[in-house]
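I have placed the structure first, in the form of structure tokens, so that the comments after it can refer back to it.
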Amino acid sequence: MPGLLTGSGDSSALVPFSPEANTPAVYPLHHGLKPPIAPRLSISWSSGNSIRVSVFRSPETTKTTDGEAEVGGKVVELKVSGEDVVSEVNDAARWRRIVYGSVSPFAHLQNKKNAMAALSELRHSAPSEVEWSKYVLEYSKEINSLLGNRKSSPSPLIEDPKTVLKNDEEPSCLKAAWELLEIFYANKQSHSWIPEQLVDWLTDYDSLFTGQVPAVHSRLVEFQTKLINIQTVENEAAYWQAISSALSIGWLDISVKLLRLHGSYQLNQLGSRETENGLVEAVAVLISKMPRMRVDLPDGKLGECYYNKSDFMKAWEKWRAQITKLDCSAYWLQCSHNQTKENLKNLLQIMLGNTTTLTNATCHWLELYIAHFLYIRPFTSGLESMHVLAQKCMQLKPTSSPHKLMNLIVGILGENTEVVLAECSKSFGPWMIAHATELLTAGSIQAEILLKEQRDNLGGVSIEESHRLVYAQVLSSHALTWQIAPIYLISCMKHGVGLLEILLYKQPVYHSQILLKNIEICRLYDLDSASANAMKIAGVHDWKHGRKGSGIFWLQQAGDELRLNRIAQTLFDFVGKSISDESFEQWEGLIELMGSESRTAGGLEFLHKYRDFKKSLQQVEGGGVTDAARKTCESLILIMKNPSTPQRFWLPLMYDSLKLLTWREGPLLNVSQTNLLLNKLQELSVAKLRPDFIKVELPAHALNSVMLALATNLGRAILEE
Amino acid sequence: MEKSVATLDNGAICSSWNYCGQRLATGMIDGTIAIYDTSDPASSTFTSTFKFKVSEGSIVKAVWVPPEYGDAVACICSNGSLSIWEEIAEGTQCVFLGVQLYLLLYIHKPIMNLSPLSPLDSEPVQWKQRKTFAGSSNQVLDAQFGNSHPSLKLTVAYSNGLVKVYEILDQMDLKNWQLQAEFQNVTDSITKFGNTSCLSASISWNPQRSDTCSASFLLGLNSDTPQLNSPKVWEFDQDHQRWLPVAELADTDDKGDQVYSVAWAPNIGRPFELMAVASVKSISIWQMASDPDFDGRLSVQKVATFPSHNNQVWQMEWDMSGMTLATTGSDGNVRLWQSNLNGVWHEQAVIETAT
Amino acid sequence: MATETLKQFHRLPQSTYIDALRFLPPLSAFDRYVVVAAFNSDTDESAIGIHALNPTDAPTLTLQSSFTTSSRISSLKVAQKSLQSPLIAASTFAGSLHILFPNPIDASFESEVSIPEKMLHLGPISSLDLQESGSACVSVGEDGRVNLISVSDSGLDYRRVFDSKGLVSYTAARWASPTEFATGGLGNSLQWWDQRRPGGPVSQFKGNWGEGASCGVVHSIDIHPSRKHTCLAGGSYGSVFAWDLRRPQQPIILSGIGSGETQTLSSSDVWEVQFDTFMTTSIISSERVLPVMMCSEDGILAVIKQGEEATEILAENCAINSFDIDRHNPADVICSLEWESIAILTRT
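If you read the protein sequences in the order shown, they are chains A, B and C.
Each residue of the first sequence is one higher than the one before, starting from 1 at the first, in my numbering.
Each residue of the second sequence is one higher than the one before, starting from 1001 at the first, in my numbering.
Each residue of the third sequence is one higher than the one before, starting from 2001 at the first, in my numbering.
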């Protein structure tokens, strides 16, 4: 797969960063052979991007002492790209389900694209942007749904108050990445909602960061395991940390639920900790009343939605005023539990958007970024300001090994299509990039130019096309997905058909089910010559493997006159030898098999005529009347006149017809007809001198008998005329 | 992800896959060829189905005949001989007419003596020798088939530095070959080099199967005559019925370098041809213009060079799109080479044989 | 084209490629089972499995038992001897033939008898059919052989009925009666065989090979028990036609290219045809061909009635490789889709 990255310092380079591609990936090859291994390997590409490596044991060690037949070598198949996604999805069958499922949205979108282009050409107007983005969004949603169900956000379960996080289906990075692209590129109608969409996105996928970077999700998971053993939660720092972390990234439900685990809610304590409880509850209420700039919230989610910016503004100011009011309240003095007091105040600071508090509460920069959207700059819009904010957050919370999703976000925010492409390709594989380019190009004109411009470096194709070609190759390397590759290849204007023809050529068409599939694909895309070639290969295979009928059938379907003629030649050889036998019936069937005169080669046409002639000759010999004999004679003349009649049949034909030439009741041939035959004999005697003359096995006296008969006939004919 | 697809018998020293990667021919040290097959096209577990003895010496190389001409393998043996073996049903040529036509008769005349079904029915498909190119004291070093229009061609390189091109006479029969041309791998046709000793040769046909483009192949030698070594592109001039060198893939300084392997990439639509050359010094990648300039020469340009670091490259294979080159050599590793989107070639991956 | 309303339609993704499937005649009054021949491309394993079909609003298939075969299944048939448990016949691409006897209680495989590769045919068995009574099987191959396999308590016995030695290749076979069967082959040809008149086919229909595009391969044949003289065939280029032995040179073209006034439902290979036993209202005149269900490479599942507009039941994005109509409840149909899934549907 063409990597996107290149060495630094090359000013003409597309992507002027990261020289990473200079270190080749290393694949170990486990063959399990006993040493010594011969250094010489043998390699062969099979279809697509799988390579087969033959490893041999050194032949010197063939003489084994234990007498057992030892293994002399192994052939190992490796898929050298496209496996990234499989490991991401972690199950080959599930991966294929994604592959199958993405075919129809992709094809549908291509059809729409072509239809729109055709329409705009007709109307001499640019295709409608709005309409197109509608299709792209549809496409994006369909692909998105293939990647798994959207993980419902962490929500408290009623059954168990101590379960803070619900254990849902493991979300995948692939889906997370796709949703990011959808948010930024496909969903143009809701650009102003991007911050809230990102909040939701992080809610769904924060767990993915666990393992590589610390994350709020992992912090909560950790706390949850401890929770069962904790008597008085409000005394634990981890409790407060969990609440502030959850609150900072907008997990309001969890924060409120955790707050209500506070000891002051317990009935036996309610009396003594009334004020404290009041404060906890007040904070909880404030949290649950948080104004959100969005259309709606999923059922059971806390917060209040405002669609209208000014309404939101009002509510937001009011909410903040309430927080400030609570912050300055005198009740704090009456709160004797110090930890509760301080931590509640800390929560208020989070809600008021105190940067330091937010920075401490969150685990990685993306979380801090989300916190900014929630509590500091709810109106951040436009990629540029979002990018600036992201950079600020990265400075505040630097990560040594950024997660691939972080890299992707940075690329998107930086409006750097190359980086987005490189990240998609590096982290998510050919499937992702082949399908994501539609979103990227819908997202910006700059990206469209970058992706669709034809490049000499790539042999004249665009980046978009080159990625589709790569994906088609990934598909080609599996027996169950290769037939999907044509759908992608046909969308590649420049090199698609070239690769498709090679792909079709590389199929084992001597298996009839593969041959039929091949013919079907060729039929769909008008690849007549590829189809003919497949039929030719199958025909030759069948013919040579004892399936004569099938061989002839496929060669005929292929219209391979060359080989059919050759087969007819084989028949000639046979026929030529035993012309005077009664055995012609035996090959009659095969001639039948080779079909009617209309379509086949001259050679075959002759065979048919010859068969008919022989038939009528037999009738005559069976004691025929003169009329029948005359007709037979006419067909003899026709055959002899026909240029497709092979020369070597001339003499046998005439020899066969001796009875006609010497018909008792009178000459059947007139003078000119007899002369024609005599001329043919003349020609034959000349041809005999040529090196390519094919000698016919006939009795030695044949020529003389024919000449004599013709001479006699000529004499009788002259007399009659 | 790796998967073992076949286990080879003791004594296997070389292997070759057919055009679709569904049949494997392996050459043994004792001069036999073993064929491996699967029962259906989706399976990737190959088992041995046929074995036949080709030579007293060992097999050096096996090359499959293009599928339009049947299932056949050309075998180069350690004694320098070349023979073509074909899988064919008994009697296709002669017995067919005697026996099978007899039966055909009864398809139309439904009266026949039923032959009782015998489980001992012999396997009718057999591997048979079709042709040998032996005889002279000169050994065959490499042989490759060119599936060009209108008929199958075979280029054979000999240890005396000669190259012969044979052409099949009969599309349906691999027995009859005709010598079409004989020449040395030099750019000017006048010079002749005698007493050349050649250790290895590498031939790579233009993989394009188009009816319109003329037959051409790339040839590089590893010999003691420097003028013969550099890889040259030979093209068949249909009008004058002769082979002409149309391009040379070597810089002026490197023309005498011994060449171990050459590989012509499939072209799915590039405006230029792509070729790889492995010489004693380096692996290089070349672009060649598809159309000749007014001298009739095709302009070439070297687009990448990778020093060999004493790694003698023995085999190079392009993938089906011509985007990735795989090489293997004396270091026992497989290396994959690709061009990035900026047109810069680099080593993309290495497959290391774990012990 | 009319489309039929479905009461239920479910696509069940599998992790294997489905080569063939059949409803199993009921083992008991309550259970419903489906026999599935599957190929696992990850492990290279082929198996015949019995799945319990749970026909709820969200139907499920639960694997009850499985029998591993050495190669992929090329043809799968089921039959039931009267008052006995059903049996399953399967042929493989490697050329072996297997008869399986499922246990009526737990749907496990009670026993299996088989004929190994290379005994019956050279190369794959392209088609096999099991007699209604389950007592005999016919197998055909591209090698041009026609074999009869008798299934008895003592095992399998087989004999070659015909061997064209490769001059004619057979691609489909179907029993018409205990003594007669039909085969199909290249060039849309059909042959009628009668065991009482051995030596070769007693009647033949030859499609014209010369006609190029409209001429292909017969993939599937069906014969209705009530009209044994009519042989229904489906093949390349969307062709579905009926061959009436009483008028052997005039096939009734039901669908396909070059069919004149009749419609073309599909231009791709028709993989399977079956007479549709799901009768609606009108009684079909004996002059007419009975309703036919077909599935095709381009994803069509449809019912064709002679002289009427065809009813399209499904139009999938991928090929429908095979289907089966539940004999005991003909409203139910299962089909195997190319993209590793099974579709279950109920007609209204």
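C-beta: ideal position from N, C-alpha, C; glycine also.
Since the model is a prediction, treat every value here as computed from it, not as a measurement.
Whether Ala-717/A touches Trp-663/A by CB criterion (7 Å): For Ala-717/A and Trp-663/A, no; Cβs fall outside 7 Å.
Same chain, Cβ closer than 7 Å to Ile-1111/B, neighbours up to 5 away in sequence not counted: Note that Ile-1111/B scores 26 on pLDDT, short of 50, meaning its location in the model is unreliable; the coordinates nonetheless yield the value given after this. Hits under 7 Å: none found.
Straight-line gap, Leu-2076/C to Arg-455/A (C-alpha atoms, nearest Å): The alpha-carbon separation between Leu-2076/C and Arg-455/A amounts to approximately 52 Å.
Cβ contact (3+ pairs, closer than 8 Å) linking the stretch 2339 to 2348 of chain C and the stretch 2002 to 2016 of chain C: The stretch 2339 to 2348 of chain C is in contact with the stretch 2002 to 2016 of chain C.
Buried versus exposed, by CB contacts within 10 Å (16 or more), Asp-513/A: Residue identity differs from the one stated: residue 513/A is Gln in this sequence, not Asp. With 16 or more Cβ atoms within 10 Å of its Cβ, Gln-513/A is classed as buried.
Residue environment, Val-295/A, which counts as buried when at least 16 other CB atoms sit within 10 Å: Burial is judged here by how many other beta carbons sit within 10 angstroms of a residue's own beta carbon; Val-295/A has fewer than 16 and is exposed.
Beta-carbon neighbours of Ser-1044/B, restricted to chain C and to distances below 8 Å: Those within 8 Å of Ser-1044/B in chain C are Asp-2044.
Burial state of Asp-253/A, where buried means 16 or more other Cβ atoms lie within 10 Å: With 16 or more Cβ atoms within 10 Å of its Cβ, Asp-253/A is classed as buried.
Inter-residue spacing [alpha-carbon to alpha-carbon] between Asn-1229/B and Phe-1294/B: Those two C-alpha atoms are separated by around 26 Å.
Contacts of Asp-1040/B in chain C (Cβ-Cβ under 7 Å): What Asp-1040/B touches in chain C: Ser-2071, Arg-2072 and Phe-2093.
Rounded separation between Ile-98/A and Ala-176/A - CA only: One C-alpha to the other measures close to 15 Å.
Ser-192/A versus Ser-381/A - alpha carbon distance: C-alpha separation (whole angstroms): 6 Å.
Collapsed DSSP secondary structure at Lys-2054/C in the structure displayed: With the sequence shown as reference, residue 2054/C is identified as Asn, and Lys is not the correct amino acid for it. Of the three classes helix, strand and coil, the one that applies to Asn-2054/C here is strand, per DSSP.
Bounding residues of the beta strand (DSSP E) (the contiguous stretch that carries Ser-54/A): Run containing Ser-54/A: 50 to 56, per the beta strand (DSSP E) assignment.
Interface residues of chain A facing Ser-2268/C [CB-CB closer than 7 Å]: Residues of chain A passing the Cβ test: Glu-520.
Three-way DSSP call (helix, strand, coil) for Gly-72/A in this model: Here Gly-72/A sits in strand by DSSP.
Within 9 Å of chain A by C-beta, residues of the stretch 2160 to 2191 of chain C in sequence order: For the stretch 2160 to 2191 of chain C, which is checked against every Cβ of chain A, the residues closer than 9 Å are Ser-2164, Lys-2165, Gly-2166, Leu-2167, Val-2168, Ser-2169, Thr-2171, Gly-2185, Leu-2186 and Gly-2187.
Neighbour flag for Ser-491/A against chain C, beta carbons, 7 Å: Taking 7 Å as the threshold, the shortest C-beta distance from Ser-491/A to chain C does not fall below it.
C-alpha distance - Cys-1213/B paired with Ala-472/A, whole-angstrom precision: Rounded to whole angstroms, Cys-1213/B to Ala-472/A spans 27 Å at the Cα level.
Residue-chain proximity (Trp-1337/B, chain A), Cβ-Cβ < 7 Å: Not an interface residue.
Same chain, Cβ closer than 6 Å to Ser-1078/B, five either side skipped, listed in chain order: Only Gly-1057, Ser-1058 and Val-1060 meet the Cβ criterion.
Opposing strand residues paired with Ser-1048/B [DSSP bridges]: The secondary-structure analysis by DSSP pairs Ser-1048/B across a beta bridge with Tyr-1036/B.
Endpoints, the alpha helix (DSSP H) within which Gly-549/A is located: It spans 548 to 558 - the alpha helix (DSSP H) in which Gly-549/A sits, taken as one unbroken run.
As assigned by DSSP and simplified to three states, the class of Thr-1132/B: When DSSP states are grouped into helix, strand and coil, Thr-1132/B belongs to the strand group.
Helix, strand or coil at Gly-2166/C according to DSSP, with G and I counted as helix: In this structure, DSSP gives Gly-2166/C a state outside helix and strand, which the three-state scheme calls coil.
is_contact[Ser-2041/C, chain A] using C-beta, thresh 7 Å: With a threshold of 7 Å between beta carbons, Ser-2041/C makes contact with chain A.
Buried/exposed call for Cys-2295/C, threshold 16 Cβ in 10 Å: By the 10 Å Cβ count, Cys-2295/C comes out buried.
Proximal residues to Leu-297/A (C-beta, below 8 Å), its chain only, five neighbours per side dropped: Take Leu-297/A, set aside five residues on each side of it, and the residues of its chain with a beta-carbon closer than 8 Å to its own are Gly-303 and Cys-305, in chain order.
Separation of Glu-2312/C from Val-2303/C, as counted between CA atoms: Each residue's alpha carbon lies about 6 Å from the other.
Straight-line gap, Arg-2160/C to Gly-2199/C (C-alpha atoms, nearest Å): Each residue's Cα considered, the two are about 10 Å apart.
Chain-ordered residues of the stretch 35 to 51 of chain A with a beta carbon less than 9 Å from chain B: Within the stretch 35 to 51 of chain A, the qualifying residues are Pro-35, Ile-37, Ala-38, Pro-39, Arg-40, Leu-41, Ser-42, Ile-43, Ser-44, Trp-45, Ser-46, Ser-47, Gly-48, Asn-49, Ser-50 and Ile-51.
Interface flag, Ile-502/A vs chain B, CB-CB below 7 Å: True, the Cβ-Cβ gap to chain B drops below 7 Å.
Cutoff 7 Å; reference Ala-601/A; Cβ partners in own chain excluding five residues on either side: At Ala-601/A, the pLDDT of 47 sits below 50, so the modelled position is not reliable and the matter cannot be decided from this model.
Nearest-angstrom Cβ-Cβ length linking Leu-710/A and Leu-660/A, presumed shorter than 8 Å: 11 Å between Cβ atoms; not a contact.
Leu-651/A - containing alpha helix (DSSP H), residue span: First-last of the alpha helix (DSSP H) with Leu-651/A: 650 to 656.
8 Å CB neighbourhood of Ser-50/A in its chain, flanking five on each side removed: When the five nearest sequence neighbours on each side are left out, the beta carbons in the same chain lying within less than 8 Å of the beta carbon of Ser-50/A are those of Glu-77, Leu-78, Lys-79, Val-80 and Ser-477, in order along the chain.
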